[in-house]
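Let me begin by presenting the structure, written as structure tokens, before commenting on it.
Protein chains: 2
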Amino acid sequence: MSGSGPVVALDGFGVEGGFDVLAEGARRAAADGISIRVFGPPDPLRTLLDGIPGVELVETSDWIANEDDPVPAVRSRPEASVVRAVRDVAEGRAGAVTSLGSTGATMAAATFGLKRIKGVKRPALAAQVPLPGRTVLFLDVGANVEVRALHLVQFACLGASFMSAVRGVESPEVGLLSVGEEKGKGRPEDVEAHERLEGLAGSSDAGGLPPFRFIGNVEGNDIPDASADVVVTDGFTGNAVLKAMEGAVRRVTGAIRDAARSSPVAAAGGLLLKPALGGLRDDLHPDTTGGALMLGLRYVAVVGHGGSGPDGVANAVRLAAASVEADAPGRTAELLHRFGLDRREDRSSGDAGPSTGGT
Amino acid sequence: MSGSGPVVALDGFGVEGGFDVLAEGARRAAADGISIRVFGPPDPLRTLLDGIPGVELVETSDWIANEDDPVPAVRSRPEASVVRAVRDVAEGRAGAVTSLGSTGATMAAATFGLKRIKGVKRPALAAQVPLPGRTVLFLDVGANVEVRALHLVQFACLGASFMSAVRGVESPEVGLLSVGEEKGKGRPEDVEAHERLEGLAGSSDAGGLPPFRFIGNVEGNDIPDASADVVVTDGFTGNAVLKAMEGAVRRVTGAIRDAARSSPVAAAGGLLLKPALGGLRDDLHPDTTGGALMLGLRYVAVVGHGGSGPDGVANAVRLAAASVEADAPGRTAELLHRFGLDRREDRSSGDAGPSTGGT
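Next up, the structure:
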């Protein structure tokens, strides 16, 4: 089934462009030496994937749609493609899972089906926000609607480990989202997390680069301004901020497109400007980064954008493969251990009791 | 001092463009029949404001800068311009206050210096987000970092009353920001607020339009998509979302400007496209709407953008005057009374205890 390269379990459903796009994406990723196990229906995938080296079809015809309630769907439908893909990882046949389908279903399937890294209280959903010159990893964007200080501190470690292991960012800059730069700003859990992150940032090995640098509180605009490599917050705020930013960008670029269609003169202007805007389009395109990530589990789960083209599918698979090759979960476990954050007991105090979330 | 028109107390400090811009803005607003009491330094305002009908200078040379910690500054500096402007309102010489200076200082001065509308637990800071075809009022964007369900319900009433009284939106559509459209999504306080808002929306007078329509949960993208007239959330999330949206818009428009400067051909394209983009620029410009609002007090406080030009200053003053003419606080009190939300006791249950916030 696989050579010496990483093996990725790929959910064959969920690509809005259809199975052709999924298959072409798998072909492109496989050309890089990634082995892919695709979980999907024999018709039409048997034909579409036939003869692509390194790609294997595992037949299943059930799948969980965006409209389904993720938690009950994952629990009750063991043959659903994303559930089977996750099981493939849990049982050792693949090293990471990728889905272009429902984010909620992928999160639920991964959370139920994969073990957490030792000491991790809450896995988090991390979005890569591609910006000119720097990709910002923003978490949590929807796994935990309520958090405690310890969770925020762990999110910082999850994000920093990923950025350093998989994206090669040395000593990533980590910011804590708040309503002002000053240390005392924010909710009690933010103030406590700030304190604890400051403490950790001082505990770097003498000589070498610290595993990450805590740059303190950042504000909403620091995400589009790319002021940090990793920005940490709770999943309610993160989800709202991410969707609002994406919506604002869509709105502005849409208005520009409309303007360019409003008259022949404006259309000519749009055409002349287009080459110079190419980089921006690439930076903002959902295909570019490969998708969001479920972090904190012993295997990485990648959730690509349903609207991805073949390159988006391929990049989502490549991202999963890169997380296997870099052993992102192992690096995360090391960092948590080094900071004493892998112990069973929660040393956090003062903030509210735990609460479950999930979008 | 005034004729029959509304009187606005205007903080004379804080405009980044300087006193010339402030004075020119006051002149433009006064031309609409608004009486303005400007709190600022005799030099240069005495000369700049001299002879403008309806504009009076009240001399004060102390002011609170963005860098000052708002709460202690407001408490300890009774002669600061924004504190005096607020006192002018509290003592009945003006009907509303406008500042282009520190948002925090204006919020603190208004909160300490002006009484709350009966029953209002927490005044809120509301941002007007100007979008093509509709301005979305978004609150709270920074006054309360933690809220309970009752506060969110009251924010809906504050926002709806303002939009209907001052901006003439009949039966405004109100959405509750959450992480999914379904009723059960969000934190406990969001779920409870959803329930209570649904109950209120059913209590409209037979025949007439309801005071607002609760359209249920909305998500981050529904703000730039202008899916509601009023969007309600806590001040931590609101602050982060607003700043992230503004930052994203700045980033995209900045990239377009850079692209248009990158080559003569691109520059020509930018010029040809410019007229068609004029509307977008106006929609996004901070001068357009007149600023953010402190709602829930017996008098409206308007916080304009420090980067405003003369029109921005004039629009901020006009907005304050419009709130006086429409009796926005009175309309809010009526709505709260009608819904039984003006009682002393908090009928809310189940969520966490009160906590103070403030950015």
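Sequences listed follow chains U and Z, in order. Going by the working numbering, the first sequence opens with residue -6, and the numbers climb by one from there. Going by the working numbering, the second sequence opens with residue -6, and the numbers climb by one from there. Glycine included, C-beta positions come from ideal geometry on N, C-alpha and C.
If we ignore side chains and look at the alpha-carbon of each, how far apart do residue i and residue j end up?
i	j	result
Z:L417	Z:V146	Only positions -6 to 352 of chain Z appear in this structure, which leaves residue 417 of chain Z out of reach.
Z:P165	Z:G(-2)	27 Å
Z:G346	Z:A16	With a pLDDT of 37 at Z:G346, under the threshold of 50, the modelled position of this residue cannot be trusted; read the value that follows with caution. Answer to the nearest angstrom: the Cα atoms are 46 Å apart.
Z:P217	U:R243	9 Å
U:R39	U:V184	54 Å
Z:L265	Z:G126	24 Å
U:A186	U:G228	15 Å
U:R247	Z:L270	Going by the sequence as given, residue 247 of chain U is Gly instead of Arg. Between U:G247 and Z:L270, the C-alpha separation is close to 11 Å.
U:A313	U:V129	18 Å
U:I208	U:A119	19 Å
Z:V211	Z:D222	12 Å
U:P257	U:V245	20 Å
Z:D36	Z:S69	24 Å
U:T99	U:L334	26 Å
U:P181	U:V225	15 Å
Z:A368	Z:V82	Examination of residue 368 of chain Z is not possible in this model, given that chain Z is present from -6 through 352 alone.
Z:R206	U:V134	29 Å
Would residue i count as contacting chain U if we go by Cβ distances under 9 Å?
i	result
Z:V242	yes
Z:E17	no
Z:E188	no
Z:G350	With a pLDDT of 40 at Z:G350, under the threshold of 50, the modelled position of that residue is not reliable, and no figure is offered here.
Z:D222	no
Z:D61	no
Z:S(-5)	Residue placement at Z:S(-5) cannot be trusted, given a pLDDT of 43 that sits under 50; what the coordinates show is reported in the next sentence. No, Z:S(-5) lies away from the interface with chain U (no Cβ there is under 9 Å from its Cβ).
Z:I208	no
Z:K267	yes
Z:L145	no
Z:T353	Within the shown structure, residues of chain Z are numbered from -6 to 352, placing residue 353 of chain Z beyond reach of any answer.
Z:R68	no
Z:A24	no
Z:E166	no
Z:V138	yes
When DSSP labels each residue in this structure, what does residue i get in the three-state scheme?
i	result
U:F32	strand
Z:S64	First, the residue type needs correcting, since residue 64 of chain Z is Val and not Ser in the sequence shown. Reduced to three states, the DSSP call for Z:V64 is helix.
U:A80	Just to set this straight, residue 80 of chain U is Arg in the shown sequence, not Ala. Here U:R80 sits in helix by DSSP.
U:N210	strand
Z:A345	Low confidence applies to Z:A345: its pLDDT is 38, below 50, so where it sits in the model is not reliable, and the reading given next is rough at best. If DSSP states are grouped into helix, strand and coil, Z:A345 belongs with coil.
U:A119	strand
U:V129	strand
Z:A2	strand
U:R109	strand
Z:A294	strand
Z:L334	coil
Z:L202	coil
U:L266	helix
Z:V370	In the structure as shown, chain Z begins at -6 and stops at 352. Residue 370 of chain Z is therefore absent and cannot be evaluated.
Z:V162	coil
Mind checking if residue i is an interface residue toward chain Z, Cβ cutoff 9 Å exclusive?
i	result
U:M238	yes
U:G7	no
U:G142	Inspection of the sequence shows that residue 142 of chain U is occupied by Ala rather than by Gly. Not one chain Z Cβ lies under 9 Å of U:A142.
U:A259	yes
U:I27	no
U:V363	The structure shown has nothing for residue 363 of chain U, since chain U only spans -6 to 352.
U:G47	no
U:E185	no
U:D335	no
U:T53	no
U:A253	yes
Considering residue i, what are the terminal residues of the alpha helix (DSSP H) in which it resides?
i	result
U:G10	Unbroken run through U:G10: none, as it is neither H nor E.
Z:P322	A321 to R331
Z:G168	Unbroken run through Z:G168 is the beta strand (DSSP E), E166 to L170; no alpha helix (DSSP H).
Z:V310	P303 to E318
U:A24	That residue, U:A24, is in no alpha helix (DSSP H); it is neither H nor E in DSSP.
U:A58	Counting along the chain, U:A58 falls outside any alpha helix (DSSP H), and DSSP gives it neither H nor E.
Would you say the beta carbon of residue i comes nearer than 8 Å to a heavy atom of the ligand NAD?
i	result
U:S301	Only the bare structure without any ligand can be found here, which leaves the ligand NAD out of the picture.
For the beta strand (DSSP E) containing residue i, name the first residue and the last one.
i	result
Z:S157	Here Z:S157 belongs to no beta strand (DSSP E); instead the alpha helix (DSSP H) covers A142 to A158.
U:R91	Before going further, note that residue 91 of chain U is Thr rather than Arg in the sequence given. First-last of the beta strand (DSSP E) with U:T91: A89 to S92.
U:L50	V48 to E52
Z:V184	Where Z:V184 is concerned, there is no enclosing beta strand (DSSP E), although the alpha helix (DSSP H) it sits in stretches over P181 to A194.
### Three-pair Cβ contact test at 8 Å for the segment 248 to 256 of chain Z versus the segment 224 to 239 of chain Z
no
### Message
Can you confirm whether the segment 87 to 98 of chain Z touches the segment 289 to 303 of chain Z when touching is taken to mean that 3 or more C-beta pairs between the two stretches lie within less than 8 Å?
### Response
Yes, the segment 289 to 303 of chain Z is in contact with the segment 87 to 98 of chain Z.
#### Entry: Segment contact, 8 Å Cβ cut-off, at least three pairs: the segment 14 to 28 of chain U with the segment 54 to 61 of chain U
no
### Task
Check whether the segment 299 to 307 of chain Z touches the segment 147 to 159 of chain Z, taking contact to mean three or more Cβ pairs, one atom from each stretch, closer than 8 Å.
no
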